[in-house]
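Each residue of the sequence shown is one higher than the last, beginning at 0 in numbering that gives the first Met the number 0.
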Amino acid sequence: MTQERIWTAALVVIGDEILSGRTQDRNVSQIATWLNVQGIRLAEVRVVSDRTDAIVEAVNTLRMRNDYLFTTGGIGPTHDDITVDAIAEALGVDVVHHPQAMAVLEAYYETRGGLTEARARMARVPDGATLIENRVSGAPGIHVENIFIMAGVPHITAGMLDRLTGTLEGGRPVVSGTIGCWVAESEVADLLRGAEKAHEGVSIGSYPFFREGRTGANFVVRSPDAALVDRCLADLTTALEAEGRMVIAGGI
Numbered sequence: 000m001t002q003e004r005i006w007t008a009a010l011v012v013i014g015d016e017i018l019s020g021r022t023q024d025r026n027v028s029q030i031a032t033w034l035n036v037q038g039i040r041l042a043e044v045r046v047v048s049d050r051t052d053a054i055v056e057a058v059n060t061l062r063m064r065n066d067y068l069f070t071t072g073g074i075g076p077t078h079d080d081i082t083v084d085a086i087a088e089a090l091g092v093d094v095v096h097h098p099q100a101m102a103v104l105e106a107y108y109e110t111r112g113g114l115t116e117a118r119a120r121m122a123r124v125p126d127g128a129t130l131i132e133n134r135v136s137g138a139p140g141i142h143v144e145n146i147f148i149m150a151g152v153p154h155i156t157a158g159m160l161d162r163l164t165g166t167l168e169g170g171r172p173v174v175s176g177t178i179g180c181w182v183a184e185s186e187v188a189d190l191l192r193g194a195e196k197a198h199e200g201v202s203i204g205s206y207p208f209f210r211e212g213r214t215g216a217n218f219v220v221r222s223p224d225a226a227l228v229d230r231c232l233a234d235l236t237t238a239l240e241a242e243g244r245m246v247i248a249g250g251i
């Protein structure tokens with residue numbers, strides 16, 4: 000039986016404001032969700048500071064062991080927005096002003112005070128890059144090799160993802176199903192391992208909680224094969240009920 004090709008992506012979240020706790024990141028969740036629909040699995044996430052060496056190391060490590068690499072943050076008009084320069088250094092190329100990006104920014108800022116030197120920084124790209132359209136604030140995202148350089152502001156990132164929808168090669172979208180049970184996950188750990196082993200191609204996530212004075216857990220079964228997910232959920236439900244557990248379809 001031929002093993003299905005699994006496409007993976009990594010994400011580098013760039014910014015001291017994330018690491019300091021001043022800003023809460025929301026891009027991990029939306030990028031992971033979007034990638035699942037494209038048939039690509041978010042395999043790892045790294046948060047790095049606004050330091051060139053940290054960005055270069057993360058980019059070079061993660062782009063080599065994944066099909067795609069996404070970055071968010073650090074592509075604005077200020078001096079500390081160094082993502083473009085760091086990625087160009089990682090790739091060993093120069094930074095250039097993209098003529099199409101310059102034209103887009105000139106049009107966007109024509110009635111907003113004009114294209115200043117600081118604003119023109121947002122047209123800088125690693126040499127050889129193409130653009131990702133940004134309908135929200137003018138400044139485009141950047142695609143170079145297998146790297147997608149995106150804004151840190153979540154709603155702008157969402158717009159860039161929308162423009163990329165359907166353009167990346169991937170596998171089948173990952174689907175999932177959930178059941179819940181009032182049980183400590185430690186009490187059913189062997190049962191979960193057995194269910195995952197018996198249904199090759201699925202992963203089972205266990206998410207415990209304490210609610211209403213009781214301990215419970217939701218079990219999420221994931222796979223690109225919807226029929227396999229359904230079979231695994233059915234068998235897992237039967238096994239839990241055989242132990243006298245009450246199972247709630249859809250989770251608690």
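Glycine included, C-beta positions come from ideal geometry on N, C-alpha and C.
(message) Can you tell me whether M149 is buried or exposed? The criterion is at least 16 other CB atoms within 10 Å of its CB, across all chains shown.
(response) That one is buried.
(message) Helix, strand or coil, according to DSSP, for H198 in the structure here?
(response) The answer is coil: DSSP assigns H198 none of H, G, I, E or B.
(request) Could you tell me if R111 is buried or exposed, where buried requires 16 or more neighbouring beta carbons within 10 angstroms of its beta carbon? (result) Burial call: exposed.
(request) Determine the closest residue to E88 out of T71, E16 and A57, with distance taken between C-alpha atoms. (result) Considering only alpha carbons, the answer is A57.
(request) May I ask which residues mark the beginning and end of the beta strand (DSSP E) holding E105? (result) E105: not part of any beta strand (DSSP E); member of the alpha helix (DSSP H) spanning P98 to Y107, first to last residue.
(message) I'd like the span of the beta strand (DSSP E) that includes G176, first residue to last.
(response) Here the beta strand (DSSP E) through G176 covers V174 to C180.
(request) Report buried or exposed for Q37, applying the criterion of at least 16 other Cβ atoms within 10 angstroms of its Cβ. (result) Result: buried.
(request) Could you tell me whether the segment 135–144 touches the segment 168–188, where touching means 3 or more Cβ pairs closer than 8 Å? (result) In short, these stretches do not touch, since the Cβ pair count stays below three.
(request) Give the range of the beta strand (DSSP E) segment to which E26 is assigned. (result) Per the sequence presented here, residue 26 reads as Asn, with Glu not at that position. Looking at the DSSP string, N26 is not in any beta strand (DSSP E); the run it does join, the alpha helix (DSSP H), is N26 to V36.
(message) Give me the DSSP bridge partner(s) of I13.
(response) Partner(s): V47.
(request) Going by DSSP, name the residue or residues bridged to V143. (result) Answer by DSSP bridge pairing, in chain order: I146.
(request) Round the Cβ separation of S222 and V201 to the nearest angstrom and send it over; I've been treating them as touching at under 8 Å. (result) S222 to V201, Cβ: 4 Å. Contact.
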